[in-house]
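Chemist:
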Amino acid sequence: MDNQEKSNVKVLDNEYAKKQYAKYAKEQRQIIFRRRRLLAIFVVAAIVFLSVGISLFNDYLRLQKLENYREETVAEQKDVTKQTENLKKDVSLLKDEDYVAKIARSRFLYSDDDEIVFPLPGNESDEEINESD
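In terms of my numbering, the sequence shown opens at residue 1228 and continues consecutively.
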């Protein structure tokens, strides 16, 4: 048995029914178009947000590297400052003639005209002078 034979519903084939079907088909096409447009907008927005997120992440990593480099540079600057201060101290000591004479006597066994130098092994004054250098 055929479904159309049993059905009591008949399809109207007049002008009004055709307009209604056309109107319904047009609405369906508009709905599909709106969905596609909305999907395209979401895809574009997702791409934009993804690219912004990636650039933010890369900037964050770069910032971390720069902060580490800054810390290393500050530590190196402190070391260089300390070395500079030590060198300035050594220069000021070398300007003192008595200190230079003492160094010359201890390291190079120089003496004044009326002095005799006897180098002794393990002399404490030699160790103190070497430690100050």
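A virtual CB, placed ideally from N, CA and C, is assigned to each residue, including glycine.
Since the structure is predicted, the reported quantities are computational estimates derived from the model, not experimental observations.
To the nearest angstrom, report how far apart D1306 and E1312 are at their CA atoms.
Modeler: 10 Å
Chemist: Using a Cβ-Cβ cut-off of 6 Å (strictly less than) and excluding sequence neighbours within five positions of K1316, which residues of its own chain qualify?
Modeler: none
Chemist: Tell whether a beta-carbon distance below 8 Å holds between V1327 and L1336.
Modeler: no
Chemist: Where does Y1251 sit, in a helix, a strand or coil, going by DSSP?
Modeler: helix
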